[in-house]
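If you count by UniProt numbering, then the sequence shown holds residues 1 to 249, one letter each, in order.
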Amino acid sequence: MNMNSYSCFAVTDVLTPGLPSPDSTAGDAARVLPSKQLRSEQARERLLQTGTRLLAAGGFDAVSIAQIAAESGCSVGAFYQRFKNKEAYFEFLLDRVIDTVRAEAEQALTPERIRGLSLAQTIRLCVEHHIGVIHTHAGLIRAALSYSMHGSDDWQPIGAIGAWLNTHYIGLILQKTRHRDKAVAARQLRIGLQIIAGHLVNAATHENAFMPLNHPDLPHWLSHVVASCLAAKPPAAAPAPAAAPAPRR
């Protein structure tokens, strides 16, 4: 029951003092419900915070539900009251992280932020942001890939937020380019961003990858890839295939 409902009951008590208050009979349980709900939400929040830490540390796959519950100060039963299984728990974590990534990108990468930056500086800013996102959430990416290999759809949200980020980056970079055909420029930028995304995901899933996520030269080279794709001359249209010869009679 929300606070507005309590306010209505309070007004009723004042207007009809001779009648029993609705809260004084069946409302006792309703008064307790918000406290139970608050405790439930606090327990769920602790479980989610534990999962976020485990994903950041890269130890999510190896830890058991009992360990997750113990680290969160909850019982295993409390875990199962909130999540069907560990995969459902991960999916909830995944949704939360994706919402956070989107909100932080919208706040950090704005037209005001790139005001005064050159084209090269804007590309570098977007590339560094993408590296930071992948580096921060490398554990989540590894877990999503692991689950997807066993038939889940957990990679789809990763791909969706990646496509959204690329679109956001392109919108900023296009403000700095002198290309007359913005559609062509956007396509070439997307090619470059897709190329670097492939390297970033590979680096996140293979710790010994060449040019790892924490390599100091990584922003330079990946920015160069995106800038080169933007500046490249599009390939000539492929010739139409020759018509097949008519069969002999």
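The C-beta atom is built at its ideal place from N, Cα and C for all residues, glycine as well.
The alpha helix (DSSP H) that contains residue i, what's its start and end?
{"i": "Phe-83", "result": "Unbroken run through Phe-83: none, as it is neither H nor E."}
{"i": "Thr-167", "result": "155-174"}
Work out the CA separation of residue j and residue i for me, nearest whole Å.
{"i": "Ala-163", "j": "Ala-232", "result": "22 Å"}
{"i": "Pro-212", "j": "Ala-183", "result": "32 Å"}
{"i": "Ala-66", "j": "Ser-118", "result": "52 Å"}
{"i": "Lys-84", "j": "Ala-103", "result": "28 Å"}
{"i": "Lys-86", "j": "Pro-235", "result": "48 Å"}
{"i": "Gly-73", "j": "Arg-46", "result": "8 Å"}
{"i": "Val-201", "j": "Ala-185", "result": "24 Å"}
{"i": "Ile-158", "j": "Ala-88", "result": "16 Å"}
{"i": "Pro-22", "j": "Ala-43", "result": "Low per-residue confidence applies at Pro-22: pLDDT is 38, beneath 50, and the placement is therefore not dependable enough to give any value."}
{"i": "Tyr-147", "j": "Phe-60", "result": "12 Å"}
{"i": "Ala-105", "j": "Leu-165", "result": "8 Å"}
{"i": "Leu-93", "j": "Asp-99", "result": "10 Å"}
{"i": "Val-127", "j": "Arg-187", "result": "17 Å"}
{"i": "Glu-71", "j": "Phe-210", "result": "35 Å"}
{"i": "Arg-31", "j": "Gln-37", "result": "Reliability of the predicted coordinates at Arg-31 is poor, the pLDDT of 31 falling under 50, and the value obtained from them is presented with this limitation in mind. One C-alpha to the other measures close to 11 Å."}
{"i": "Ala-69", "j": "Ser-75", "result": "6 Å"}
{"i": "Thr-122", "j": "Ala-246", "result": "56 Å"}
{"i": "His-215", "j": "Gln-107", "result": "26 Å"}
inquiry  = With three or more beta-carbon pairs closer than 8 Å as the criterion, would you say the segment 77-86 touches the segment 131-140?
reply    = No, because fewer than three Cβ pairs between the segment 77-86 and the segment 131-140 fall closer than 8 Å, the two stretches do not touch.
- Query: Is the segment 104-119 touching the segment 170-185, taking contact as three or more C-beta pairs under 8 Å?
  - Reply: Judged by Cβ distances under 8 Å, the segment 104-119 makes contact with the segment 170-185, as three or more pairs qualify.
Curious, which full-length alpha helix (DSSP H) runs of at least 4 residues does the segment 168-230 contain? Restricting attention to alpha helix (DSSP H) runs no shorter than 4 residues, the segment 168-230 encloses them at 182-205, ordered along the chain.
Determine contact between the segment 214-228 and the segment 176-193, defined as no fewer than three beta-carbon pairs at a distance below 8 Å.
Judged by Cβ distances under 8 Å, the segment 214-228 makes contact with the segment 176-193, as three or more pairs qualify.
At 4 residues or longer, what runs of the alpha helix (DSSP H) sit wholly inside the segment 118-150? Whole alpha helix (DSSP H) segments, 4+ residues: 119-136 and 138-148.
- Query: What are the start and end residues of each continuous alpha helix (DSSP H) run of 4 or more residues lying completely inside the UniProt domain "HTH tetR-type" (41-101), in chain order?
  - Reply: The qualifying runs are 65-71 and 76-82.
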